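Chemist: Below: one structure in C-alpha cells.
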Amino acid sequence: MNETVNSMLDFARGPLFRFTFALMILGLVRLVGLTLYGALRAYLYAGDKALLWPIIRQRTLWWLFPFARFRRTRFVYSIISFVFHVGLIITPIFLFAHVYLWERGIGISWWVLPPRLADLLTVLTVVAAVALFVGRVGSSFSRTISRGWDYAWPLLLTVPFVSGFFATHPTWSPVSYSVMMLIHILSAEVIFVLVPFSKIAHCVLVPFSQLVSDLGWRFPASAGRDVAKTLGKESVPI
Amino acid sequence: MKPLLDSQAIAKAMKNTRPEGVRKDQRLDVRYHVEHPPTADRPRKFLEAFAAILRHNPPYVLALEHYIRLQAKCGRCTTQCMIYQATGDPKDIPCHRSSMILDIYRRYFTLGGRVWGALTGRGDLTDETLREMADSVWNCTACRKCMLDCPSGIDHGLMAHLSRYILSEIDIAPRALVVSTREQLEGETGNTSAFPLPAILDGLEFLEDDMEEELGVKIKFPLDVEGAEYVFFPAVSDFMMEAETLMGNAAVFAATGDSWTIGKQYHDGINYGLFYSDRIWDRVAGKVDAETRRLKGKVILIGECGHASRAAKFGIPTFHGGKDALPVVNCMEYALEAWQKGKLKLIPNAIKERTTYHDPCNISRVKWIIEQPRELLRYICEDYVEMTPNREDNICCGGGGGTVSIDELRPYRTGPAGKAKAEQIRATGAKYCVAPCANCKKQLKELMEDQKVDCQIVGLHDLLYKAIDYSVVKKRQGISEEAPGQADTETATSEAASS
Numbered sequence: 002m003n004e005t006v007n008s009m010l011d012f013a014r015g016p017l018f019r020f021t022f023a024l025m026i027l028g029l030v031r032l033v034g035l036t037l038y039g040a041l042r043a044y045l046y047a048g049d050k051a052l053l054w055p056i057i058r059q060r061t062l063w064w065l066f067p068f069a070r071f072r073r074t075r076f077v078y079s080i081i082s083f084v085f086h087v088g089l090i091i092t093p094i095f096l097f098a099h100v101y102l103w104e105r106g107i108g109i110s111w112w113v114l115p116p117r118l119a120d121l122l123t124v125l126t127v128v129a130a131v132a133l134f135v136g137r138v139g140s141s142f143s144r145t146i147s148r149g150w151d152y153a154w155p156l157l158l159t160v161p162f163v164s165g166f167f168a169t170h171p172t173w174s175p176v177s178y179s180v181m182m183l184i185h186i187l188s189a190e191v192i193f194v195l196v197p198f199s200k201i202a203h204c205v206l207v208p209f210s211q212l213v214s215d216l217g218w219r220f221p222a223s224a225g226r227d228v229a230k231t232l233g234k235e236s237v238p239i
Numbered sequence: 187m188k189p190l191l192d193s194q195a196i197a198k199a200m201k202n203t204r205p206e207g208v209r210k211d212q213r214l215d216v217r218y219h220v221e222h223p224p225t226a227d228r229p230r231k232f233l234e235a236f237a238a239i240l241r242h243n244p245p246y247v248l249a250l251e252h253y254i255r256l257q258a259k260c261g262r263c264t265t266q267c268m269i270y271q272a273t274g275d276p277k278d279i280p281c282h283r284s285s286m287i288l289d290i291y292r293r294y295f296t297l298g299g300r301v302w303g304a305l306t307g308r309g310d311l312t313d314e315t316l317r318e319m320a321d322s323v324w325n326c327t328a329c330r331k332c333m334l335d336c337p338s339g340i341d342h343g344l345m346a347h348l349s350r351y352i353l354s355e356i357d358i359a360p361r362a363l364v365v366s367t368r369e370q371l372e373g374e375t376g377n378t379s380a381f382p383l384p385a386i387l388d389g390l391e392f393l394e395d396d397m398e399e400e401l402g403v404k405i406k407f408p409l410d411v412e413g414a415e416y417v418f419f420p421a422v423s424d425f426m427m428e429a430e431t432l433m434g435n436a437a438v439f440a441a442t443g444d445s446w447t448i449g450k451q452y453h454d455g456i457n458y459g460l461f462y463s464d465r466i467w468d469r470v471a472g473k474v475d476a477e478t479r480r481l482k483g484k485v486i487l488i489g490e491c492g493h494a495s496r497a498a499k500f501g502i503p504t505f506h507g508g509k510d511a512l513p514v515v516n517c518m519e520y521a522l523e524a525w526q527k528g529k530l531k532l533i534p535n536a537i538k539e540r541t542t543y544h545d546p547c548n549i550s551r552v553k554w555i556i557e558q559p560r561e562l563l564r565y566i567c568e569d570y571v572e573m574t575p576n577r578e579d580n581i582c583c584g585g586g587g588g589t590v591s592i593d594e595l596r597p598y599r600t601g602p603a604g605k606a607k608a609e610q611i612r613a614t615g616a617k618y619c620v621a622p623c624a625n626c627k628k629q630l631k632e633l634m635e636d637q638k639v640d641c642q643i644v645g646l647h648d649l650l651y652k653a654i655d656y657s658v659v660k661k662r663q664g665i666s667e668e669a670p671g672q673a674d675t676e677t678a679t680s681e682a683a684s685s
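Chains as they are written, first to last, in my numbering: chain A, 2 to 239; chain B, 187 to 685.
Dropping the structure here:
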C-alpha cells in the first residue's frame, strides 16, 4: 500500500507536475495571446481609435487593487472575497516548502512567508472559500445565476489548502503524510489542468477586461453597411 | 435584500398591456409593441443575423470571447442595478441578462460549445429563449452602471446593445423606436418626432419674439448660415417640448457672440441607433455629419441630450472619418468654456431655489461631462446640492436606453426602473432638478408625477437663460439699460448673421 502511494507520489511530483503545470502556463499564455490578438484586430479595424485610456487605466487598477470599491457595496462579501484571493495567490507562491522545491529543481528562490503567517493565510483562505460557497448556496439571486462549476470551484480550491495544511502539520492529519501529500499534489494538478479552460482564467484575463470593454464599442467604419450587405438588406426600407 | 417596491406594485408595473390576440399571432409575449416579428424559423434567422454581425465586427467577437472565458457570476452587479434593487427579481440581474447572449455565442460560435451541444443536445436556441431575451433586454435601461461594480470588467450594457441589435435584424424591436427612425431616415419631415419644418420655424420665431419681450434684446436662431462655426443639433423634441432649454442655448450664443446655426435640412440630434442597431447609428450619424459639412460648419454642437451626445461623440468618428472626423462638442462644454474665457457673463446666485443635478448616464459614465455643468451651477445657484450617489456613479433616470420613448412601458419606467431615482431626488428637497438630457427630462417629469415628488425638472440652459448678464448683449446691440424691448433691429439682425 505504502509503496503504491509512494510510487504514485513520485509520479505526481515528477512528470505529472511538470505536465500539468506546463499545460496551465501554456494555456494561460494562449488565452493572453488570443486576447491580445483579438484586441489588436479590433483596434486595427476600429473606425474610432481614440480609446478612453484614463478610464481603462483607472478601472483596471480599481479591480487589481479593489480597496476603493470596498466601502461602496457589499462590504462583508468584498472583504471575504479579497481575503480569499490574497490567500489563493500569496500562499502557494511564497510558501517556504514550495520555494524550496523550486530552488532544488531549477535553482531559483525568492522571499518566503513566515510559517505562522503561512498557516494563518491557509486557514483564512479555506474559511473564506467556505463562506463564498455558503454565500452562493444561501442566496436566491446567486443560485439563479450560478452554474455547477460556480459551486464546485471554491470547494475544489480548498482541497490543496486543507491537505497542504495537514501535510505541514502531520500530527493533526487524519491520514498518513504520504496520502495527504498525494491528495495535495493531485488536487493541485487537477486545478492546473482546469484553470485555462474555466472561469479561473480570469487570473490572467482581468487586467485586459477594461481594455476589451472599451474596444468592444469600437466598430469598424463600414460594419453597419457590411452587415446590411451580408443580410441582403441594403435597399430594404426600415 | 428587501426590494424597493412591494410585489403588488411590481406586478402592476410589469403587466403586459398589449392585446392578447396580437401577442398570440406574433408568438411574442413581450411588453412593448413590435411591428412584424417573424413568426416562423425565428432561432435560425437570429443565428444568421448574429453570424453576419460577428463577421463584420471584430470588437463584438473580442468582447464575447473574453466574457465567456472569465465571467465569474459573482453577483456584485446586483448592487448597482436599480431595477434589480426595485424588483429583487433574479431575472433582472445584469449578469443573468448578459448570460443569455453569451450562452448562445458559446453554444453556436465556439468549437467546444458546438461539440458539447451536438453530444448532449442541450442549450439549443428556442423561441422561448428569444422571447425571454426580447423582454429582458428592454427591461434594461442600458445605463451601464453595473459595469462599475463588475470585478471582471464585463460591460453588460454592450451585451444588451448587441442583443438588441441582433433582435432588431429579425424585426424584433420596439415599434416606437422603429417608427421614429423610419421617419427620421426615410420620412418627409426627416426627424424622429415628425415635426414639419414650417412648424419648427414658426416655433423658433415665436421664441425669438418671446425672448425679445422678456429680455429686451434680440436673440436669433440663425438658420442655414453657411460657414457658421457651430452647427447645432438638439434632440428634435426640444423644438416643441423644451422651449426654455432652446432659448437658453440661443441666449448663450447671443452672449458669447460666436457663430452658430441650425440646419434647415437636418436638425435632429436624436440617434436611436445607439439603443438598438449599429446600422441605424451609422446612418443617423451620417445625416448629422452631412448637414454640418453642407453648411461648412467646423464643429458639431449637440444640445442637452445624453444619448445624442454620446451617439455623436463616438458615432461620428467611428462611422464617419476616424481621426479626421468633425469634432463633436456638447452645449454644456461650450457654455463652460465660454464662461471660463469670460465670453459668457453670468450673474452669481441668480437662482435662489434649491437646485440639484442629475447626471445623464450616457455622458457621465464615460466621464465626459461631469464637472462642466456643476461648475456653472455652483456659480449661478445660491443653494446647490448634490444627490447621492452622483457623477459617474449616478443612478439612471429609469428611462434610459430608449425605453422612455416606449409609452406602453411607462408604468415600468416610473415604477421599478425609476423608483430609486425618485427617492434620490426626493431626499435632496430640491425645487429644481437639472437633467440636461431630453430622455431624462421626459422620464423624470413623468416620474415626479407618478411617484409624487415635488420637484421641477429643468435643463441647464433653462437656468443659464435666467442667469445670463444681458448687459453685454444690450451694449453690443446698442440698447440702453433703461429701455428694455427697444432693441435695434438692424444691429440685431447683422449680429445674428455674423454670429
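Every residue gets a Cβ at the ideal spot worked out from N, C-alpha and C, and that includes glycine. None of these values were measured; they are calculated from a predicted model.
State the CB to CB distance for the pair G449(B) and I488(B), rounded to an integer number of angstroms; the pair is presumed to be in contact (CB under 8 Å).
Modeler: At roughly 13 Å, the Cβ-Cβ gap does not stay under 8 Å, so G449(B) and I488(B) are not in contact.
Chemist: Got a sec? Which residues, its chain only, sit under 6 Å from D648(B) by beta carbon, not counting five neighbours each side?
Modeler: These residues qualify, in order along the chain: E430, T431 and G434.
Chemist: From the DSSP secondary-structure annotation, give me the bridge partner or partners of Q642(B).
Modeler: According to DSSP, which records beta bridges pairwise, Q642(B) is partnered with Y618(B).
Chemist: Taking the Cβ atom as the reference point for each residue, do E477(B) and V422(B) lie within a distance shorter than 9 Å?
Modeler: Result no, Cβ atoms of E477(B) and V422(B) do not sit closer than 9 Å.
Chemist: Go through the segment 582 to 628 of chain B residue by residue and report every complete run of the alpha helix (DSSP H) that reaches 4 residues or more, in order.
Modeler: Segments of the alpha helix (DSSP H) lying fully in the segment 582 to 628 of chain B: 605 to 614.
Chemist: For A229(A), collect the residues of the same chain with a Cβ closer than 6 Å to its Cβ; drop the 5 residues on either side in sequence, then sort them by chain order.
Modeler: Closer than 6 Å at the Cβ level, and outside the excluded window around A229(A), lie E235.
Chemist: Taking the straight line between their C-alpha atoms, what separation do you get for C260(B) and I290(B)?
Modeler: Spanning the two alpha carbons is a distance of roughly 20 Å.
Chemist: Can you check whether the C-beta of W54(A) is within less than 9 Å of a C-beta belonging to chain B?
Modeler: False, the Cβ-Cβ gap to chain B never drops below 9 Å.
Chemist: Give, in chain order, every residue of the segment 341 to 359 of chain B whose Cβ lies closer than 7 Å to some Cβ of chain A.
Modeler: Listed by position, the residues of the segment 341 to 359 of chain B near chain A (Cβ gap below 7 Å) are D341, L344 and E355.
Chemist: Which runs of the beta strand (DSSP E) at least 3 residues long sit entirely within the segment 519 to 572 of chain B? Give them in chain order.
Modeler: Within the segment 519 to 572 of chain B, the complete beta strand (DSSP E) runs of at least 3 residues are 537 to 543 and 567 to 571.
Chemist: Does L62(A) have its Cβ less than 9 Å from a Cβ in chain B?
Modeler: No - not a single Cβ of chain B is within 9 Å of the one on L62(A).
Chemist: Could you tell me which chain A residues have their CB closer than 8 Å to the CB of L371(B), listed as they occur along the chain?
Modeler: Simply I239.
Chemist: Is E355(B) near I254(B), with beta carbons less than 9 Å apart?
Modeler: Contact: no.
Chemist: Under the rule that 16 or more other beta-carbon atoms within 10 Å means buried, what is L460(B), buried or exposed?
Modeler: Classification for L460(B): buried.
Chemist: Would you mind reading off the limits of the alpha helix (DSSP H) that contains L325(B)?
Modeler: The sequence shown places Asn at residue 325(B), rather than the Leu named in the question. Unbroken run through N325(B): none, as it is neither H nor E.
Chemist: Considering only C-alpha positions, which residue in the set L232(A), L89(A) and S210(A) is nearest to D120(A)?
Modeler: Selected option, being the one with the closest Cα: L89(A).
Chemist: Within the 9 Å Cβ cut-off, does K553(B) reach chain A?
Modeler: Output row for K553(B): interface = yes.
Chemist: Taking any Cβ of chain A, which residues in the segment 283 to 300 of chain B have a Cβ under 9 Å from it, in chain order?
Modeler: Residues passing the 9 Å Cβ filter: S285 and G298.
Chemist: Can you tell me where the alpha helix (DSSP H) holding F167(A) begins and where it ends?
Modeler: First-last of the alpha helix (DSSP H) with F167(A): G149 to T169.
Chemist: Spell out whether any CB of chain A is found under 9 Å from the CB atom of H506(B).
Modeler: Yes, its Cβ sits closer than 9 Å to a Cβ of chain A.
Chemist: How should N3(A) be labelled, buried or exposed, when 16 other C-beta atoms within 10 angstroms of its C-beta is the threshold for buried?
Modeler: So N3(A) counts as exposed.
Chemist: Taking any Cβ of chain B, which residues in the segment 19 to 39 of chain A have a Cβ under 8 Å from it, in chain order?
Modeler: So the close ones are L32, L35, T36 and G39.
Chemist: Kindly confirm or deny that the segment 274 to 285 of chain B and the segment 301 to 310 of chain B touch, where touching means at least three C-beta pairs closer than 8 Å.
Modeler: These segments do not touch.
Chemist: With a cut-off of 9 Å, does the C-beta of A608(B) fall near any C-beta of chain A?
Modeler: No, A608(B) lies away from the interface with chain A (no Cβ there is under 9 Å from its Cβ).
Chemist: Hey, which unbroken runs of the alpha helix (DSSP H) at 4 residues or more fall wholly within the segment 378 to 416 of chain B?
Modeler: Correct list: 383 to 401.
Chemist: Using DSSP's beta-bridge definition, name the partner residues of V220(B).
Modeler: Note: V220(B) sits in a beta bridge opposite P360(B).
Chemist: Thinking just about the alpha-carbon of each residue, which of V220(B), P384(B), A272(B) and A237(B) is nearest to the one in I358(B)?
Modeler: It is V220(B) whose Cα lies nearest to the Cα of I358(B).
Chemist: Indicate the three-state DSSP secondary structure (helix, strand or coil) for T574(B) in the structure shown.
Modeler: It is coil, neither helix nor strand.
Chemist: Compute the beta-carbon to beta-carbon distance between T542(B) and T442(B), rounded to the nearest angstrom, for a pair I have assumed lies under 8 Å.
Modeler: Their Cβ separation, rounded to whole angstroms, is 27 Å, which puts T542(B) and T442(B) out of contact at 8 Å.
Chemist: Between W150(A) and P337(B), is the Cβ-Cβ spacing less than 9 Å?
Modeler: Cβ distance not < 9 Å, so W150(A) and P337(B) don't count as in contact.
Chemist: Shorter than 9 Å from the beta carbon of L232(A) to some beta carbon of chain B?
Modeler: So yes, L232(A) belongs to the interface.
Chemist: Taking its Cβ as the centre, do 16 or more other Cβ atoms sit within 10 Å of S193(B), making it buried, or is it exposed?
Modeler: Per the 10 Å Cβ criterion, exposed.
Chemist: By DSSP's criteria, F418(B) is part of a beta bridge. Which residues make up the other side?
Modeler: BP columns for F418(B) point to L487(B).
Chemist: What is the rounded straight-line gap between the Cα of I549(B) and the Cα of R105(A)?
Modeler: Approximately 57 Å, taken between the alpha carbons.
Chemist: Within the 9 Å Cβ cut-off, does T675(B) reach chain A?
Modeler: Because T675(B) carries a pLDDT of 43, less than 50, the predicted location of this residue cannot be relied on, and no value is offered for it.
Chemist: For V1(A), report the span of its alpha helix (DSSP H) as first-last.
Modeler: This structure does not reach residue 1(A), given that chain A is present from 2 up to 239, and the question cannot be answered.
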